[in-house]
Structure formats: C-alpha cells, structure tokens
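Residue numbers (this note's numbering): 420 to 809.
Don't be surprised by glycine CBs; every beta carbon is placed ideally from N, CA and C.
Taking it in order: structure first as structure tokens, then the write-up.
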C-alpha cells in the first residue's frame, strides 16, 4: 500500500464537525487530506500536512465525500420512453407502469441485466457516486427476484429484496397469494443475497397490512426494513416504517403532521427522491418541514426506468435546493452523510480519519456550486476505496 496526500484543496467537506469548523459539513479551508490504503488517515490545513508516498494537487478545487445513493432500481430490462413521453404530454404517473418493465426484465438474460447494471454504475461513478444501494422488484417470480439479487450482490453490499414492488401480474386476481409467496418461498430464495427488505406501500401496490406482513417476514429472516412510503398520496407507509424501526422511509412526498413528528422522533431516515417528482410532475417533498422538525433527511436518485431515470446525485442536489427548501449545505450533507445514515453506515459519507477513502474533487472552489451551476459536469476526480478511478 502507498499513501497519498491530496493537497491545495480550497474547501474540504468532512461532514464531521469535530474535524472542521463545528458546523454539520465540518468545513476546512485551504485543506489537505491523506489516504493510506482504502482509508482516510489525516485531514487538516494544507500547511500542516504530513508527508506521503505520492502527492495529488487539487489545484484549488473543493473536496467532498463520495455521494451515497441509498435508493435505486438498476436491475431491469427494456425501456419506457413511450410512457415518459405520454406522461409529459398529460398522462399522470401510476404505479402500474412497472408491469412493462417486469415483462422486459423476465425476458432479459443474466448477462444483459448485469451489463445494464454496470453501465449505470459507471455512469453514476463519473458523477461522483461511490456507494449505491439497488433493489430487485422487476422480476416478481422466485427465480427472477433471486437472480437479480445475485447479480446485484456482485457489485454492492447494499442489496434490497423488493419482491413486494407491485402484485405480480401472475397473481392479479389473488393478491393474498402473492403476499404469501413474497413472505415465503421467494423470501427464502432471496434473503441470502440481500441486506434489506422493502415494500411499495401505496395505492395500486400494497396496503398497510400487506406491507407489515412483508416487512415482518423479512425481519424474521435477518433483513432490515426500508419502505417506499407516501409517494402518491397520504397512507400508512411512514408510520409503519417508524414503528418497525426501518432504516428509511423513501419518497415522503405526502406527509401529515403525525408522519413528520414520527420521523423527527424516531430513527428512520426520510429519504427524498426529487428525480421522481421532476419526472412525474408531482408535488415536491417539503424538505424544509422535515428539517425544521428535526428529522434526518437523505437525498437519492431513485434511478429507475419509469419514474426517475437519472443517475445524477448532483442533479438531485440542485433540485432539492431549488424546489424543496433545502440550503446548499443541507443538500450536500443529505446526499453524502444522509445517504450513509439511510444505509446505517458510519464508514462512508464523511472524510475523516478512519472513514473509507471515497473522495470527489469538484471543478469549483466550493460545494455550493453543485446547486449554483446545475447541469454542469463539475466532478473532476474520484477516489473509491482509496483508488483513483477518475
């Protein structure tokens, strides 16, 4: 192993107040950091930096932790361009469009699904994403859900079983039998390849009782719950997530005061997915309301072929600042440390001694430029697991 000093950093975002200016982003100006192996071993002022085996000159760029994308759907086949075109021409978004992708995913080979996954992972890495979660949910048979998770597990530790995405078309007339399959044979086949269990608790998908059955069965198999909650309207998803101590409630677009209070007083992270609102012309989640109440907020892409076909965390940061009431600092924190919290990780989403060396340099002196210059490809250099990969 060799150590690397990255120096001449204009602004270093540590996300560790103890190692920075005391604010949540833990900023250090005129900074440097040292990587040894796959870990950060030192941060501080450039003038105080220790020697290292190699030196990288950041040339006045800002350094931030690699983005943590804690919600994506990258195991799929096919394309839904026609659906997007129709929606932009006036048709509302409905959960049933998932069935189109289910048919294409079942027809795709393992090689095609994996090639598609790798393509979008590479695309996300170029935009600074160094950790991602991804889900099954487009196969909806025992075989297709299990193979999706096996493929995903070759590329990330953050794998989610989402057999309960919608009721399988094969069980359209017997949803109860499908829930039984999801909580029985399908779960048995999928649990060895997953860390998380998820359910789409929404009209057109699964109601509160069905969602509870899925999450409870998953917990009994050692999987940690997360919930698609309150995207299309008010419902039981958020309160169920908090009750079952889910790691995250994702979407959180339509919230009652009780939902907000539960998130603020529980351990469940509110993961907001502005790409979905952008792509469906739905109301924006009110991040300001959640933050002011004291809830922990994460940002993620929800990259999927139907409702949010973006892999760009910088784009989601810009949307959150422009349309969801977040400050630039809050949005950067939510896209890094917030995502880590949603995955219950402390080794990522920050740049401090002991953290994994996932680091992004921006072609800008400040992380505020992520919102200030939307759509501009600002990611200059990326280190992942301590290795420079861009």
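| Check | Outcome |
| --- | --- |
| Where does the unbroken alpha helix (DSSP H) through residue 698 begin, and where does it stop? | 693–699 |
| What residues match up with residue 448 in a beta bridge as DSSP calls it? | 430 |
| Following the continuous beta strand (DSSP E) through residue 463, name the residue where it begins and the one where it ends. | 458–464 |
| Output the distance between the C-alpha atoms of residue 612 and residue 787, rounded to the nearest integer angstrom. | 38 Å |
| DSSP three-state label for residue 425, please. | strand |
| Are the Cβ atoms of residue 719 and residue 480 separated by less than 8 Å? | no |
| In the DSSP output, which residue or residues are listed as bridge partners for residue 781? | 481 and 798 |
| Find the nearest neighbour of residue 623 within the set 444, 588 and 442, judged by alpha-carbon distance. | 588 |
| Per the DSSP calculation, residue 476 is bridged to which residue(s)? | 426 |
| Taking the Cβ atom as the reference point for each residue, do residue 743 and residue 674 lie within a distance shorter than 8 Å? | no |
| Is residue 623 near the ligand NAD, in the sense that its beta carbon is under 7 Å from a heavy atom of that ligand? | This structure lacks the ligand NAD; in fact it carries no ligand of any kind. |
| State the Cα-Cα distance for the pair residue 740 and residue 697, rounded to the nearest angstrom. | 13 Å |
| What do you reckon, are the CB atoms on residue 620 and residue 630 nearer than 8 Å? | yes |
| For the beta strand (DSSP E) containing residue 551, name the first residue and the last one. | 548–551 |
| For a quick check, are the C-beta atoms of residue 758 and residue 578 less than 8 Å apart? | no |
| How would you write the range of the alpha helix (DSSP H) that residue 747 sits in, first residue to last? | 747–752 |
| So who's on the other strand from residue 643, going by DSSP bridges? | 615 |
| How far does the beta strand (DSSP E) with residue 581 in it reach, from first residue to last? | 578–583 |
| Look at the Cβ atom of residue 428, then the Cβ atom of residue 482, and state whether they are nearer than 8 Å. | yes |
| Check the C-beta distance from residue 424 over to residue 446 and give it rounded, since I have them as a contact under 8 Å. | Going by Cβ atoms, the distance from residue 424 to residue 446 rounds to 19 Å, so no, they are not a contact pair. |
| Should the segment 554–571 be regarded as contacting the segment 531–540, the criterion being three or more beta carbon pairs within less than 8 Å? | yes |
| In chain order, what residues of the same chain have a beta carbon less than 6 Å from the beta carbon of residue 643, not counting five sequence neighbours either side? | 615 and 666 |
| Using the three-state DSSP reduction, which class does residue 561 fall into: helix, strand or coil? | helix |
| By DSSP, does residue 630 sit in helix, in strand, or in coil? | helix |
| Does the distance from the CB of residue 451 to the CB of residue 465 come in under 8 Å? | yes |
| Look at residue 476 and residue 421 and say whether their C-beta atoms are less than 8 Å apart. | no |
| Let me make sure I understand the geometry here. Which of 597, 780 and 751 has the alpha-carbon closest to that of residue 768? | 751 |
| For residue 687, which three-state DSSP category applies? | coil |
| Are the segment 791–809 and the segment 546–555 in contact at 8 Å, needing three or more beta carbon pairs? | yes |
| If you reduce the DSSP assignment to three classes, tell me which class residue 487 lands in. | strand |
| Rounded to the nearest angstrom, what separates residue 703 and residue 694 at their Cα positions? | 10 Å |
| Could you spell out the range, first to last residue, of the beta strand (DSSP E) harbouring residue 716? | 716–718 |
| Sort 776, 738, 775 and 772 by Cα distance to residue 789 and report the nearest one. | 738 |
| Excluding five sequence neighbours on each side, which residues of the same chain lie with their C-beta closer than 6 Å to the C-beta of residue 803? | 549 and 777 |
| Going along the chain, which residues of its own chain have a beta-carbon closer than 7 Å to the beta-carbon of residue 439, five neighbours each way excluded? | 433, 445, 446 and 447 |
| Within the continuous alpha helix (DSSP H) that includes residue 788, where are the two ends? | 788–791 |
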